[in-house]
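Counting from 0, one number per residue, gives the positions in the sequence shown under numbering that gives the first Met the number 0.
Quick reminder that beta carbons are idealized off the backbone N, C-alpha and C, glycines included.
The structure displayed is predicted, hence computed values, not measured ones.
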Amino acid sequence: MKIKFTLLATILFTTFANAQIYGKIDGLSLVTNNVGIGNASPSASLEVATPIFTQGVSNNAQKWSTGNPSYELKLQTIWSNQGINQEIIQRYNNIDYKSLVFYAGNVGIGVPNPNTKLAVNGTIHSTEVKVTASVWPDYVFKKEYNLPTLEEVEKHINEKGHLENIPSEEEVLKNGIYLGQMNAKLLEKIEELTLYMIEMKKENVEMKERLIRLESK
Numbered sequence: 000m001k002i003k004f005t006l007l008a009t010i011l012f013t014t015f016a017n018a019q020i021y022g023k024i025d026g027l028s029l030v031t032n033n034v035g036i037g038n039a040s041p042s043a044s045l046e047v048a049t050p051i052f053t054q055g056v057s058n059n060a061q062k063w064s065t066g067n068p069s070y071e072l073k074l075q076t077i078w079s080n081q082g083i084n085q086e087i088i089q090r091y092n093n094i095d096y097k098s099l100v101f102y103a104g105n106v107g108i109g110v111p112n113p114n115t116k117l118a119v120n121g122t123i124h125s126t127e128v129k130v131t132a133s134v135w136p137d138y139v140f141k142k143e144y145n146l147p148t149l150e151e152v153e154k155h156i157n158e159k160g161h162l163e164n165i166p167s168e169e170e171v172l173k174n175g176i177y178l179g180q181m182n183a184k185l186l187e188k189i190e191e192l193t194l195y196m197i198e199m200k201k202e203n204v205e206m207k208e209r210l211i212r213l214e215s216k
């Protein structure tokens, strides 16, 4: 215990007196204005070469402060009765706070109990998003595909208020959408529209040819 108090007193004295001290005490190195723990030649104000263990007064919380009340970091570990724990990183800035939660193999950003691998309460900015798909609607162009008639499409719209195989507004507002699945469904409708347009083009060409034949008589 005396050694711990001696080390602490030495660090505090060195910091506040701005002294230049050279030496080493049981793994503690004091070089110029730098302090090294487990490092004989620290290159920063405080350099630690081994893991740091701290424990707060409650909830196993550790708070790291920069001296500015607007910026501080709080690390917290919470154990449940089932042995499941949460590792929480919280950052405060006077008004708002954001937290990064590690819970049961999941990660939450601004989400206290993430139930997916990554749960984010907010906007995600990314230059690219890759989604792995199990099905892609090239089946629309296969001969065995049962393309609905336009009359059938119209009937479904009048009855349901949305396209077939596309979720309704109520479903989307309640459950959200899966990007990969929704992109596949939208592509399915685009491919169906393409087939309708091809068919209409053929019908138009046929009608023009009939008109030409009639006019030539």
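Contact between S40 and N32 fails: their C-beta atoms lie close to 13 Å from each other, not under 8 Å.
For G179, the enclosing alpha helix (DSSP H) starts and ends at 178-215.
For the 8 Å CB-CB criterion, V106 and N120 do not form a contact. Shown here, E46 sits in a strand according to DSSP, grouped into three states.
The region 158-168 and the region 177-189 touch, with three or more beta-carbon pairs separated by less than 8 Å. Taking N182 as reference, the option from E214, V47, E169, W135 with the minimal CA-CA separation is W135.
Annotated three-state conformation of V152 is helix, per DSSP.
Between L192 and the set E202, P147, N157, the nearest pair of CA atoms involves P147. In the structure shown, the three-state DSSP call for N32 is coil. Spatial neighbours of H155 in its own chain (CB-CB distance under 6 Å, excluding positions within 5 residues in sequence) are listed in chain order as E163.
With at least 16 other beta carbons inside 10 angstroms of its own, N38 counts as buried.
Bounds of any alpha helix (DSSP H) do not take in V106; it lies within the beta strand (DSSP E) bounded by 105-108.
Ranked by Cα distance from V130, the first of K116, E205, G179, K184 is G179.
Cα atoms of D137 and E143: separation of roughly 12 Å, rounded to the nearest angstrom. Checking the DSSP bridge columns, you'll see A118 partnered with G107. Burial is judged here by how many other beta carbons sit within 10 angstroms of a residue's own beta carbon; V34 has at least 16 and is buried. Taking all protein chains in view, the Cβ of Y177 is surrounded by fewer than 16 other Cβ atoms within 10 Å, so the residue is classified as exposed. Shown here, L172 sits in a helix according to DSSP, grouped into three states. Residue burial annotation: V100 is buried, with at least 16 other C-beta atoms found within 10 angstroms of its C-beta.
The alpha carbon of N114 has as its nearest neighbour, out of G104, T122, I123, the alpha carbon of G104.
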